[in-house]
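Quick notes on the structure that follows.
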Amino acid sequence: MPQEVVRRHKHLLFSKGIDLNITALKGFKDILPEEALLWQRIEMTAREVFRRFAFKEIKVPILEKTALFARSIGETTDIVEKEMYSFVDRNGESLTMRPEGTASVLRAFIEHSLQNQQPVQKLFTLGPMFRHERPQKGRLRQFHQMSVEVLGANQPELDAEVMAMASMVLTELGLTVSLEINSLGCPKCRPAFNEALLLFLDDKKDALCEDCQRRRLKNPLRVLDCKSSSCQSHYQSAPSIIAHLCAECADHFRVVQAGLTSMAIPYTINSFMVRGLDYYTRTTFELLTDSLGAQSAVGAGGRYDGLIKQLGGPDLPGIGFAMGMERLVLMLQQQSSNLEPVQSGLFVAALGERARGIGFAMAQALRCRGVQVLMDYADSSLKSQMKQSGKQNCRHTLILGDEELSKGEAILRDMNTKGQETIPIPLPGVLGEWSAMLAEKIQ
Ligand code: ATP
Ligand code: MG
C-alpha cells in the first residue's frame, strides 16, 4: 500500500473531530424491509425455476486476485479498464471486489476439478458485484446478480435452454422483456470479420472517440460496444458479424434459433451486440425492457468456449448469463399490484398481566405450528393493540381480556371481514393440540 494512502487511512481512523455524519457510499444502497420482500420473491422464483432445469447452487468469494478478472473479462474492456474496485492488500497482493460472477465460478470449477464429479455442470450463484460506474437509476456500484453457468457442453440446444430458463424466471415474475440474440463466431471466423471491420473503420478513424481509436488498434470488435452516440451513428453500416460466420458457427446459430422457435420464445437478431466482456464466442444474448430508460438490459449472457482453458483449466466449453436484481426490483415496483400489502398472521392482544402470561405461551405454541404471531408487552389498551394489529396487516387478532379469561374463552377476530367468534382457552397440558387446531383454522 502506498505510504500516503496508509497515512491518510490512519488519520481518518484515529483523528478526533472527523465528520460523524456517516452515510452509505454513493452507489451503495440499503435495501429496506419493504423492498426486501420483493428481493425474496425474486430469489424464490429464480431458485424454483433453476431447480426445474436441474441447476445447483455454488457460493464463491467476493474478493479474488485481480489477475483473474483481467485475464477473463479482457484488458481492453470498460470493466477492467475503468470500473474495478481493486486494491493492494496488506501482503502487497492486488485484489479485486468481483465485478461479475462467471470468472469466480470458473476459477472454482477449475480449482475443484468439478468436471470429474459430473461432466456437465449446471451452476447458479446469487450475490453482490462491484463496479465503479456513474450511479443512476438501475445502475449502482454495488449491485446484485443471479448468475448461471453451464460448463462442459457445447450443444446449441443448451444455449436455447439457458435462454428459456432466463425468460421463464421473468415470466413467472410477471415481467415482459424482449430477447435479442447474436453470434460472435469463434477464433476461426473472427479474423475475417476483424479484417472487414478494420477496413470499414479505416476512413472513419478520425471521427471516432478516443476510446474507439484505441480499441480499433487493440481489439476492433470492442468499438461496437461504445456508449457514444456519435460513434454508434458511424457503426450503423458496419459489416455484420453473422455474415462472416464459419460453417460450424452458422450451423450452431441456426440450431439455437430453431430451439427458441420450438419453445415459442420470441427473439430478434441484433448483429451489433458484442457485449462488454471479451470472453464470448458464438451465441450472445440480452434481455431488454423499455421501462427502465437508459438501463434497458435486465439480463445478458453468452457462450464462452475458450475461457476455462484460458484460465488454466481443461479445454471445456461453457455458456452463462447474469440478471441484475436491482433492475428486476424496479420493474416489479412499477407494477401497482405488487404494492398491495398482504394480510397475514395473528396478533395476540392480551390485557393485564395474567392474560399476557397465557398469551405469551400461546404465541410460542402457535409459532411452533408455523403461524406468524405478534404481541405487545407494553400493557397497552385494547384500542391501541387493535390499531397495531391493523397497522401490521395481521389477518386475525386473538383478544384475551379479563372477562373472557374468567369464562375460559378468547375472542378471535377476522381483521378482514370483522367477524368474531369465541374459542376456548386451553388447559396448560393441551396447548399443543389447541395450537394445532387454531393454526389450521387461521392459515
Ligand atoms: P449495461 O449495459 O447496463 O452496463 P452490462 O452489459 O455491463 O450492462 P453485464 O455485465 O452483462 O451487464 O451484467 C448483466 C446484468 O447485470 C445487466 O443486464 C444488468 O441487469 C446488471 N448490471 C450490470 N451492471 C450493473 C450496475 N452497475 N448496476 C445495476 N445492475 C447492473
Ligand atoms: Mg456495464
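This note's numbering puts the last residue of the sequence shown at 858; the count rises by one with no breaks. Glycine included, C-beta positions come from ideal geometry on N, C-alpha and C.
Answer with buried or exposed for residue i, where buried requires no fewer than 16 other C-beta atoms within 10 angstroms of its C-beta.
| i | result |
| --- | --- |
| Ile-596 | buried |
| Phe-668 | buried |
| Glu-564 | buried |
| Thr-511 | buried |
| Ala-461 | buried |
| Val-503 | exposed |
| Tyr-719 | buried |
| Pro-928 | The question about residue 928 has no answer here: the residues shown for the chain are numbered 416 through 858. |
| Val-495 | buried |
| Ile-457 | buried |
| Gln-418 | exposed |
| Ser-850 | buried |
| Thr-591 | exposed |
| Arg-630 | buried |
| Arg-828 | buried |
| Gln-532 | exposed |
| Thr-438 | exposed |
Less than 8 Å between the beta carbons of residue i and residue j, yes or no?
| i | j | result |
| --- | --- | --- |
| Val-713 | Leu-692 | no |
| Met-738 | Met-580 | no |
| Lys-600 | Arg-697 | Looking at the sequence provided, one finds Gly at residue 600 rather than Lys. It is a contact, given that the beta carbons lie within the stated cut-off. |
| Phe-484 | Ala-518 | yes |
| Phe-539 | Glu-472 | yes |
| Arg-546 | Phe-443 | no |
| Leu-639 | Asn-609 | no |
| Gln-530 | Pro-729 | yes |
| Gly-489 | Tyr-650 | no |
| Ser-598 | Ile-656 | yes |
| Thr-812 | Ser-804 | yes |
| Glu-824 | Thr-832 | no |
| Phe-700 | Gly-721 | no |
| Leu-789 | Cys-809 | yes |
| Ile-723 | Leu-521 | yes |
| Gln-710 | Gly-553 | yes |
| Gln-807 | Phe-762 | yes |
What's the gap between the Cα of residue i and the Cα of residue j?
| i | j | result |
| --- | --- | --- |
| Cys-604 | Leu-614 | 16 Å |
| Val-671 | Ala-575 | 5 Å |
| Ala-764 | Trp-454 | 31 Å |
| Glu-548 | Thr-704 | 21 Å |
| Lys-620 | Lys-633 | 14 Å |
| Thr-683 | Leu-447 | 37 Å |
| Gly-774 | Gly-785 | 16 Å |
| Gln-779 | Met-830 | 21 Å |
| Ser-645 | Pro-602 | 30 Å |
| Asp-666 | Phe-470 | 27 Å |
| Ile-826 | Glu-587 | 40 Å |
| Ser-686 | Pro-654 | 9 Å |
| Leu-399 | His-659 | The question about residue 399 has no answer, for the chain in this structure spans 416 to 858. |
| Gly-733 | Tyr-500 | 26 Å |
| Glu-463 | Val-584 | 9 Å |
| His-559 | Arg-769 | 49 Å |
| Lys-497 | Val-577 | 30 Å |
| Ile-525 | Pro-514 | 19 Å |
| Met-777 | Glu-449 | 28 Å |
| Glu-848 | Cys-783 | 12 Å |
| Lys-474 | Leu-541 | 8 Å |
| Pro-843 | Glu-819 | 17 Å |
| Met-678 | Met-459 | 24 Å |
| Leu-748 | Ala-611 | One detail in the question is off: residue 748 reads as Gln in this sequence, not Leu. The alpha-carbon atoms of Gln-748 and Ala-611 are separated by roughly 45 Å. |
| Gly-767 | Pro-756 | 31 Å |
| Ala-482 | Leu-726 | 10 Å |
| Arg-486 | Ser-528 | 20 Å |
| Asn-436 | Ser-582 | 43 Å |
| Gly-567 | Phe-468 | 16 Å |
| Met-740 | Arg-771 | 43 Å |
DSSP state of residue i, grouped into three classes?
| i | result |
| --- | --- |
| Tyr-884 | The structure shown does not extend to residue 884, since the chain spans only 416 to 858, so no value can be given for it. |
| Gln-787 | coil |
| Arg-697 | strand |
| Leu-478 | strand |
| Gln-800 | helix |
| Phe-438 | As written in the sequence, residue 438 is Thr, which differs from the Phe given in the question. The answer is coil: DSSP assigns Thr-438 none of H, G, I, E or B. |
| Met-862 | Outside the modelled stretch of the chain, which goes from 416 to 858, sits residue 862, for which no answer is possible. |
| Pro-839 | strand |
| Ile-814 | strand |
| Ile-826 | strand |
| Ala-765 | strand |
| Ser-652 | coil |
| Leu-636 | helix |
| Ser-645 | helix |
* **Entirely enclosed beta strand (DSSP E) segments - the stretch 529-607, minimum 3 residues** => Whole beta strand (DSSP E) segments, 3+ residues: 536-545, 557-566, 593-598.
* To do: Only counting runs of 4 or more residues, tell me where the alpha helix (DSSP H) segments fall wholly within the stretch 450-504, in order along the chain.
  => DSSP runs (the alpha helix (DSSP H)) wholly in the stretch 450-504: 481-488.
* Pick out the complete beta strand (DSSP E) segments inside the stretch 704-735, 3 residues or longer, and give them in chain order. => DSSP runs (the beta strand (DSSP E)) wholly in the stretch 704-735: 712-718.
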